[in-house]
Each structure stands twice: as structure tokens, then as C-alpha cells.
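J.: Residue numbers (the working numbering): 1 to 348.
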């Protein structure tokens, strides 16, 4: 029987492989090889050539599983051959530890730093520490660690500030094969893509820049970036707080998407993000046709969305299953494939 004071964490690694099912299964088996770990969901993104696996367990077991899966991924994924729409810098691209029960974010950060160092020392894979585990301020943001992606890693190692925290001094054969891994600790986030009825990557990117927290770069009439006295680009704040977003085109879906990470569900509930993207999309003459959820969504967030849309539609419902059904229908979470609440909703 599990002790009530046991520390439990969630891990949501992203792998640069969405096509080869055998490779994905082998990585999943490496995770399962540690007792006390349970895989909750495997989200294979064939279009983006990327897979997200969600698993939970005791803190010690999850960290050991994480190391084994990084090792297995490095044996099976050759980054020199990888191509995909999603930004990435390594075979195991990003590896966050997320506190669930009886453990603080800082304790997760300490474990993440130790894991990052072990990955480099035992496997030779360069590692960054990001978010709460960051060892330097320039590495807090995942996008900054990924800047230049895998193809720019060798050049980035020449930069004393932006090279990996462990193993960043030399571009080895292992680095060429596996790229770098970004290890960190963060609170729960929702990864979601909003589907547009256009194939224009440019329109999707413009919508993303309007809504994301960091906003958009200011330009003059000729398209030149406006800068302040120190030479820094001036930015116009976005409409939403607590989220990041980019725009891309997914050939397999035949549509462009606004791809968003909601880092703070209090500041940016998913229904607020959906309606804001819809409103901005209209200004560009396009519509949001539906929503693609990557990984899991906390039950309370989906229920909150259900209550919001039920009130807006004048529907009097209180049962949890009906509220979730309202949210799923309103945001068209089944636009690209059936939405299975039992598989996609995280109950904590």
C-alpha cells in the first residue's frame, strides 16, 4: 500500500518521432521497466513527427524511468534524419517534471538538475535546465533553449551563454546523433492546437503573435523592426496572459494551426484562449474549425469550460459528464479525431 506522504510527480517528455510505432513502443517500454510508474497517455503526432508521453509515479521511480527512456530514445532516433513541423533540438526534446502530490516545484527542480547532469555524464547527451530548474536566467524559457533548433546546436555551443548547461563545450558524435535534451520542472500546462480553415502559415503565425503573452514585434510601414534606445525590439503585448503560441501549417491535416501552450490555466483558461483565437481569426477572414488537444487536460479545466459555454448558451446542466460534453462540443475537440474523455482528461 502506498504511503500517504509519498511524493508523486508527472513527467511529459516530448520525442522527435511520430512515424515509427516500433520506436515509440520501445521508448514506452523503457518507461514501464521501472516499478511504480504508470503511462497515462501516448499522443503520437504523425503530422508533426513528434510524440508526447504522459506518465506518473513516485518521484524516484519517475526520474529513473525518465533516464531509461532518454537512453532508449538516443539509441533509436537519429536527429540527422529528423524533419518535422514542431520546433525541436533533440531526440528526447524536452523533459519536464511536474509536482502532483507531497512535493514542491523546487524539489522537482532539484531532481531535474540532477537528472540533466546524469544524462550528460552517463549518456554523453548535452542538456539544458529550464523553467524552475534553470541554472541561468537565459535558459528559463524553453523557446530560448530551442532557438536555432537541432540544426543550430553546433553553432550555439560557441556561445558561452546559450550553450547547454552540461556538455555544451564540444559538439561530439553523440550530440550529432541525439541533439540536446531540455530538462526542467514546471507546473501543469495544457498543450492545444486551434485548427484554422486556411492553409496559410503566415495567417496562423500572425494570429499567434496577436494572442500570445509575449505579443508581437513592432514594425514600421516598410516592415522594419522598431527598436528602443538600447537596440531591443519593441513589442506589442498579446491579448492573453500565461500562454505561448506559434503558427504553422500541417500538410497531413490540410490546414494551418495556432499551436499554444497554456502555462497558467488561472490566467488563461482554455475556453478564453479558444474564444480569443476565434475573435482574432475573424479579423483575418478565417475561422477556427476545431481544437486539437495534445496530451491531457485537467478535469477541472474542462468542467470550467463546460460551465462557461453552458451559461453562454443558456443551458442548465450540472452533471460533470454533461458539462464536459458541452465543452467538447463548443470547442470542437473532436474536429480531427474522436475525443475520448476517459483517455484525455486527467483526474487528480
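Even for Gly, the Cβ is constructed at its ideal location relative to N, Cα and C. Since we're looking at a predicted model, the values are computed, not measured.
Going by beta carbon distance, what residues of the same chain come within less than 7 Å of residue 320, once the five residues before and after it are set aside?
T.: Walking along the chain shown from the start, residue 320 turns up at place 320. Result list for residue 320: 303, in chain order.
J.: Does the contact criterion of 3 or more C-beta pairs under 8 Å hold for the stretch 75–83 versus the stretch 51–65?
T.: Flag = no, the stretch 75–83 and the stretch 51–65 do not touch.
J.: Classify residue 244 as helix, strand or coil using the three-state DSSP reduction.
T.: On the chain shown, position 244 is the one that residue 244 refers to. Here residue 244 sits in strand by DSSP.
J.: When the Cα atoms are used, what is the spatial distance from residue 30 to residue 343?
T.: In the chain shown, residue 30 corresponds to position 30, counting from 1. In the chain shown, residue 343 corresponds to position 343, counting from 1. Their backbone Cα atoms lie some 21 Å apart in a straight line.
J.: With DSSP as the reference, please indicate the residues paired to residue 345 in a beta bridge.
T.: One-based indexing of the chain shown puts residue 345 at position 345. BP columns for residue 345 point to 297.
J.: What would DSSP say about residue 226, mapped onto helix, strand or coil?
T.: As a working mapping, residue 226 is identified with position 226 in the chain shown. Three-state DSSP puts residue 226 in coil, outside helix and strand.
J.: Less than 8 Å separating the beta-carbons of residue 222 and residue 242?
T.: Translated into positions along the chain shown, residue 222 becomes position 222. Translated into positions along the chain shown, residue 242 becomes position 242. Not closer than 8 Å, so no.
J.: Is it right to say residue 163 is buried, meaning 16 or more other beta carbons lie within 10 angstroms of its own, or is it exposed?
T.: As a working note, residue 163 is residue 163 in the chain shown. The residue is buried, with at least 16 neighbouring Cβ atoms inside 10 Å.
J.: Quick check on the burial criterion: 16 or more other C-beta atoms within 10 angstroms. Buried or exposed for residue 55?
T.: Here residue 55 refers to the residue found at position 55 when the chain shown is read from its first residue. When all chains shown are included, residue 55 counts as buried.
J.: DSSP three-state call for residue 280: helix, strand or coil?
T.: The residue labelled residue 280 in the question sits at position 280 within the chain shown. Reduced to three states, the DSSP call for residue 280 is helix.
J.: Distance, Cα to Cα, residue 340 vs residue 28?
T.: Counted from its first residue, the chain shown places residue 340 at position 340. Counted from its first residue, the chain shown places residue 28 at position 28. Residue 340 and residue 28: Cα-Cα distance of roughly 21 Å.
J.: Looking at C-beta atoms only, is the number of pairs between the stretch 265–279 and the stretch 231–241 that lie closer than 8 Å three or more?
T.: Yes: at least three Cβ pairs fall under 8 Å.
J.: Based on Cα-Cα distance, which residue from 155, 5, 6, 11 lies nearest to residue 187?
T.: Within the chain shown, the letter at position 187 stands for residue 187. Closest by alpha carbon: 11.
J.: Evaluate the contact criterion for the stretch 200–209 versus the stretch 112–120: three or more CB pairs, one atom per stretch, below 8 Å.
T.: Segments in contact, no.
J.: Go to residue 100, then tell me how far its beta strand (DSSP E) extends in each direction, as first and last residue.
T.: The residue given as residue 100 occupies position 100 in the chain shown. Taken as a continuous stretch (DSSP letters only), the beta strand (DSSP E) holding residue 100 covers 92–101.
J.: Can you give me the C-alpha to C-alpha distance between residue 32 and residue 334, rounded to a whole angstrom?
T.: Working through the chain shown from its first residue, we reach residue 32 at position 32. Working through the chain shown from its first residue, we reach residue 334 at position 334. Distance between the alpha carbons of residue 32 and residue 334 is about 29 Å.
J.: When the Cα atoms are used, what is the spatial distance from residue 346 to residue 155?
T.: Here residue 346 corresponds to residue number 346 of the chain shown, with the count starting at 1. Here residue 155 corresponds to residue number 155 of the chain shown, with the count starting at 1. Going from the Cα of residue 346 to the Cα of residue 155 covers about 40 Å.
J.: Would you call residue 217 buried or exposed, if buried means 16 or more other Cβ atoms sit within 10 Å of its Cβ?
T.: Taking the first residue of the chain shown as 1, we reach residue 217 at position 217. Residue 217 is exposed by the Cβ-count criterion.
J.: For chain B, check one thing: does any of its Cβ atoms lie closer than 8 Å to the Cβ of residue 8?
T.: This model lacks chain B altogether; it includes just one protein chain.
J.: Kindly indicate which residue of 77, 97, 189 has the alpha-carbon position closest to the one of residue 264.
T.: Residue mapping note: residue 264 aligns to position 264 of the chain shown, counting from 1. Of the candidates 77, 97, 189, the one whose C-alpha sits nearest the C-alpha of residue 264 is 189.
J.: Would you decide whether residue 232 is buried or exposed? Buried here means 16 or more other CB atoms lie within 10 Å of its CB.
T.: Here residue 232 is taken as the residue at index 232 of the chain shown, counted from 1. Exposed, because fewer than 16 other Cβ atoms sit within 10 Å of the Cβ of residue 232.
J.: Note down, in chain order, each residue of its chain lying with its Cβ closer than 7 Å to the Cβ of residue 72, except the 5 sequence neighbours on either side.
T.: Reading the chain shown from its first residue, position 72 is the one you call residue 72. 26, 27, 30.
J.: Among 122, 51, 192, 298, whose alpha-carbon lies nearest the alpha-carbon of residue 324?
T.: Within the chain shown, residue 324 is the residue found at index 324, counting from 1. Residue 298 is the option with its Cα nearest to residue 324.
J.: Which stretch, first to last residue, makes up the alpha helix (DSSP H) that contains residue 359?
T.: Shown here, the chain extends from 1 to 348; a query on residue 359 therefore has no answer.
J.: Have a look at residue 251 and residue 48 and give me their C-alpha separation to the nearest angstrom.
T.: As a first step, residue 251 is located in the chain shown; it is residue number 251 there, counting from the start. As a first step, residue 48 is located in the chain shown; it is residue number 48 there, counting from the start. Each residue's Cα considered, the two are about 9 Å apart.
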